[in-house]
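Numbering (the numbering used here), first residue to last: 1262 to 1479.
We put the beta carbon where it would ideally sit given N, CA and C, even for glycine.
One structure below.
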């Protein structure tokens, strides 16, 4: 069976990814700073991983024997309107978690994913689109996702077509981050993203897509 690595899998989209892939018979490696009863109930392999610990992230591939798919899902919102030095430190931590850690993790597992002709997927946000930003605000989160988009696009080029790399916007989803008034359930969003991931071909590598398969401007 193929193996998928999912970060931030103790709740929200990460938990739903783990649930759906496990139900389809995949070997699931789920990471989180702390597990949850919901994640434990899935019977998947759970590994502790704090995305702020960049040494642990950069060496994570050593814990795996094979890997077909990475879903770099873990993320943080950061300060809403940074003004103080403390806010600035939290902004830097947002970059570490949302941008630097996913890239280092991708590099760590790249030999395994390449050997499997697999895929490297980063969960990003439409809020990281510079062209699509008409409302402003949330500068820490926006800028970290813009940087993630740039890093993943570069990863797609640097891997030279060895693996398919793509950025996915999950939509506005009913998670702790998205809130209860969001129009999409985690089940709907993840189901559509899984279909998109399955259908991605070499021509789509480096692309920035919404959960429904439409392209998002950079």
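- Determine the burial state of residue 1454: buried for a count of at least 16 other Cβ atoms within 10 Å of its Cβ, exposed for fewer. Buried is the call here.
- Take residue 1263 as the anchor and find which of 1289, 1275, 1272 and 1273 has the nearest alpha-carbon. Of the candidates 1289, 1275, 1272 and 1273, the one whose C-alpha sits nearest the C-alpha of residue 1263 is 1289.
- Message: Quick check on DSSP: helix, strand or coil for residue 1473?
- Response: In this structure, residue 1473 counts as coil in the three-state DSSP scheme.
- Could you spell out the range, first to last residue, of the alpha helix (DSSP H) harbouring residue 1375? Per DSSP, the continuous alpha helix (DSSP H) segment holding residue 1375 begins and ends at 1362-1376.
- Could you work out which residue in 1410, 1448 and 1348 is closest to residue 1384 when comparing CA atoms only? Answer by Cα proximity: 1410.
- Message: In whole angstroms, give me the CA-to-CA distance for residue 1292 and residue 1307.
- Response: Take the alpha-carbon of residue 1292 and the one of residue 1307: they are about 6 Å apart.
- Rounded to the nearest angstrom, how far is the Cβ of residue 1274 from that of residue 1450, given a contact under 8 Å? So it is a contact: roughly 7 Å between Cβ atoms.
- Item | Inter-stretch contact (C-beta, 8 Å, three-pair minimum) for the stretch 1357-1367 and the stretch 1460-1476 | No: the two stretches stay apart, fewer than three of their Cβ pairs being nearer than 8 Å.
- Query: Do the stretch 1370-1386 and the stretch 1425-1436 make contact, defined as three or more Cβ pairs closer than 8 Å?
  - Reply: Segments in contact, yes.
- Secondary structure of residue 1391, DSSP reduced to three states: Coil, per DSSP.
- Query: Rounded to whole angstroms, how far is the Cβ of residue 1360 from the Cβ of residue 1319, which I believe are closer than 8 Å?
  - Reply: Going by Cβ atoms, the distance from residue 1360 to residue 1319 rounds to 14 Å, so no, they are not a contact pair.
- Would residue 1376 be called buried (16 or more neighbouring beta carbons within 10 Å of its own) or exposed? Answer is exposed; the Cβ neighbour count stays below 16.
- Query: With distances taken between CB atoms, is the gap from residue 1406 to residue 1395 smaller than 8 Å?
  - Reply: With contacts defined by Cβ atoms closer than 8 Å, residue 1406 and residue 1395 do not form a contacting pair.
- Task: Please go through the same chain and pick out, in chain order, the residues whose beta-carbon is closer than 8 Å to the beta-carbon of residue 1277, but skip the five residues on each side of it.
- Result: Cβ neighbours of residue 1277 beyond the five flanking positions: 1447, 1448, 1450 and 1451.
- Message: Let me check understanding here. Comparing Cα to Cα, which of 1442, 1357 and 1429 lies closest to residue 1402?
- Response: Taking only the C-alpha atoms, the option nearest residue 1402 is 1357.
- For residue 1306: DSSP bridge partner residues: As DSSP reads the structure, residue 1306 sits in a beta bridge with 1290.
- Item | residue 1436 versus residue 1418: straight-line alpha-carbon distance, rounded | The alpha-carbon atoms of residue 1436 and residue 1418 are separated by roughly 32 Å.
- Does DSSP classify residue 1328 as helix, strand or coil? Reduced to three states, the DSSP call for residue 1328 is coil.
- Message: My output table needs one value for residue 1266: the three-state DSSP class, helix, strand or coil.
- Response: Under the three-state reduction of DSSP output, residue 1266 falls in the strand class.
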